[in-house]
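Below is one structure; the comments refer to it alone.
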Amino acid sequence: MKSKVKSTIVFFLCIILIGFLAYSGAYGVTLGGYELKPLGQVINKGLDLQGGVSVLEEVQGNNVDQKTIDRTVELLSLRVNKLGVSETVVAREGQKRIRIDIPGKFDAKEVIDGVAKTGELKFVGPDNKTILTGKDVKDATASIDSQNGNKPTISLELNSEGAKKFSDATQKFLGQKIAIYLDNEMLTNPQVDAHITDGRASISGGNQTLQEAQRQADLIKSGALPVTVKPVQVKTVGASLGANALPLSILAGKIGIGLVMLFMLLYYRLPGLIADIALTLYVYIVLVAFANVNVTLTLAGIAAFLLTVGMAVDANILIFERTKEELKSGRSIKASIDAGFRRAMSSILDSNITSIISGFVLYNIGTGSVKGFALTLIIGVVLSMFTAITVTRTLMKLVANIGWFNHIKTIGTFGVHDFRKGVVK
């Protein structure tokens with residue numbers, strides 16, 4: 001009796017917790033001044049869900065090493081961040097191509113001209129002559145200078161050739177200003193206070209914040225691209241198309257998940273209800289994972305997510321069918337549940353591991369939306385195993401301890417009825 005009461009309390013606490021998580025994920029909640037935003041607001045959305053510009057750039061030249069291409073990707077990312085657009089994607093595709101996805105921007109020419117052009121970083125003296133270029137800059141970082149009133153400072157490190165040029169310039173223009181330009185935009189215009197011979201300089205002063213100093217340091221470091229890139233594919237998704245795609249995708253997801261839950265409830269009754277509760281928690285956990293690992297959700301990603309929902313339910317079906325076989329052999333409810341999970345485990349692991357392997361292959365050789373599909377699939381499959389093996393099993397044992405599996409109306413086609421005794425074996 002004590003065990004039954006304890007199981008009842010724990011079961012309903014689990015239901016309340018899962019219900020709270022589902023509600024907070026769908027609508028958001030505010031607790032003690034801390035706000036939990038709806039997951040729909042915090043998950044990154046791809047171009048096909050909100051519109052924007054996608055540009056596929058190709059590195060020109062035949063003898064470009066991989067280190068140079070990786071550096072180009074890094075510099076393009078810095079330039080994309082300069083646009084102030086969130087949820088941008090700069091990723092390498094194949095050997096010599098780089099995809100730039102910028103949601104919320106609809107002027108493809110502006111994106112190409114402002115991000116993917118070769119660009120020019122230059123240090124210009126008061127005589128309007130160029131002293132250094134981006135090729136002379138080795139590194140640039142921002143920090144707080146405790147010896148200068150805790151003001152943000154940009155530290156520059158030049159290569160050997162740049163150090164020689166800068167030494168001559170700082171000696172010539174001591175007490176004057178040397179401006180730093182990127183693509184004809186002045187970044188900063190500091191005054192030369194010392195003759196610098198070691199190629200290490202610092203820029204301080206002004207009212208800029210550390211964040212602004214870091215932005216300038218990133219732009220100085222990005223400098224000119226080490227190679228020429230040329231757009232080979234430009235795609236613009238209109239805002240209206242993206243706005244229509246998102247609600248339709250959400251509706252399709254609700255219908256799909258709803259039909260799956262209805263089938264489980266009608267066919268398996270109480271075990272089906274438990275599977276639906278576990279599925280609700282699964283949906284919440286997956287969406288939280290998407291938000292925390294910065295997955296950019298696309299239409300292909302939504303398709304992969306719905307596919308993993310079906311796989312999560314499939315694991316429950318395997319467990320229930322194995323449990324049913326144990327019930328037919330005359331075992332008790334609790335023994336059948338344990339044996340059902342144990343016997344279904346190999347099938348669940350086999351099917352899910354093969355799906356994960358397929359996901360890794362697609363992620364490594366795929367491009368664009370294929371990568372998004374693969375990443376969503378991998379995350380979903382891993383978490384579906386967790387909910388099926390852990391959550392469903394825990395809830396099933398709690399319900400068995402309460403005694404709700406002892407009536408044929410709660411089990412339906414799930415169990416085997418012994419009409420002579422009037423109980424489920």
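Numbering follows full-length UniProt numbering, with no gaps: position 37 of the sequence shown is 37. Where a beta carbon is used, it is the ideal one built from N, C-alpha and C, also for glycine.
Quick one: grab the DSSP three-state call for residue i.
i	result
T209	coil
A194	coil
I353	helix
residue 428	An answer regarding residue 428 cannot be provided, because it is not within the stretch 1 to 425 covered by the chain.
F173	coil
K151	strand
G390	Residue 390 is actually Thr in this sequence, not Gly. Helix.
I378	helix
V111	helix
V137	strand
D338	helix
T188	strand
K4	helix
S369	helix
D127	coil
I16	helix
F419	Unreliable positioning characterises F419 in this predicted model, as indicated by a pLDDT of 34, which lies under 50. A coordinate reading is not provided.
G25	helix
G403	coil
Compare the beta carbon distance of residue i and residue j with 9 Å and say whether it is the shorter of the two.
i	j	result
R343	E325	yes
A142	Q191	no
S77	V59	no
D70	R99	no
G28	P103	no
L297	G46	yes
T153	S204	yes
L246	L49	yes
G25	V288	yes
A374	V361	yes
M396	S355	no
L279	V260	yes
L306	A252	yes
L36	L281	no
How big is the Cα-Cα spacing for residue i and residue j?
i	j	result
K122	L39	44 Å
K351	G301	Note that residue 351 is Ser in the sequence shown here, rather than Lys. Near 20 Å, if we compare the C-alpha coordinates of G301 and S351.
S202	V227	28 Å
residue 446	E185	No statement about residue 446 is possible, as the shown extent of the chain runs from 1 to 425 and does not include it.
L273	L265	5 Å
L75	G372	23 Å
L187	Y181	6 Å
V10	S3	11 Å
V313	I348	11 Å
P211	N150	A small fix is needed here, since residue 211 is Gln in this sequence, not Pro. So the alpha carbons of these two residues sit roughly 14 Å apart.
D218	K138	12 Å
I402	L248	42 Å
A194	I220	21 Å
G359	S332	39 Å
E321	A335	14 Å
K135	K165	12 Å
P231	I257	40 Å
D107	V53	7 Å
S155	S146	14 Å
I250	R269	27 Å
N44	N364	21 Å
I15	L299	31 Å
L318	I255	23 Å
S329	V42	50 Å
R97	D65	13 Å
E161	K177	21 Å
N316	F12	21 Å
I'd like to know if residue i contacts chain B, where contact means its C-beta is closer than 9 Å to some C-beta of that chain.
i	result
Q176	Here chain B cannot be found, since the structure has a single protein chain.
Could you tell me if the beta carbon of residue i falls within a distance shorter than 8 Å of some heavy atom in the ligand GDP?
i	result
N44	Of the ligands one can find in the structure shown there are none, so the ligand GDP has no counterpart to examine.
Since residue i sits in a beta bridge, which residues does DSSP pair it with?
i	result
Y363	The partner list for Y363 (beta bridge, DSSP) is empty, contrary to what the question assumes.
Y181	K122 and M186
R343	Answer is none; R343 lacks a bridge partner.
A201	L156
D168	Answer by DSSP bridge pairing: none, since D168 is not bridged.
A142	I154
I102	V53
L132	F123
R97	E58 and E93
Let me know the alpha helix (DSSP H) ranges lying completely inside the segment 218-273, each 4 residues or longer, listed in chain order.
Runs of the alpha helix (DSSP H) inside the segment 218-273: 239-268.
Give, in chain order, every unbroken run of the alpha helix (DSSP H) that is at least 4 residues long and sits entirely within the segment 30-95.
List check, alpha helix (DSSP H) in window: 39-42, 47-50 and 66-82.
Enumerate, from N- to C-terminal direction, the unbroken alpha helix (DSSP H) stretches of 4 or more residues contained entirely within the segment 269-330.
Runs found: 270-292 and 299-328.
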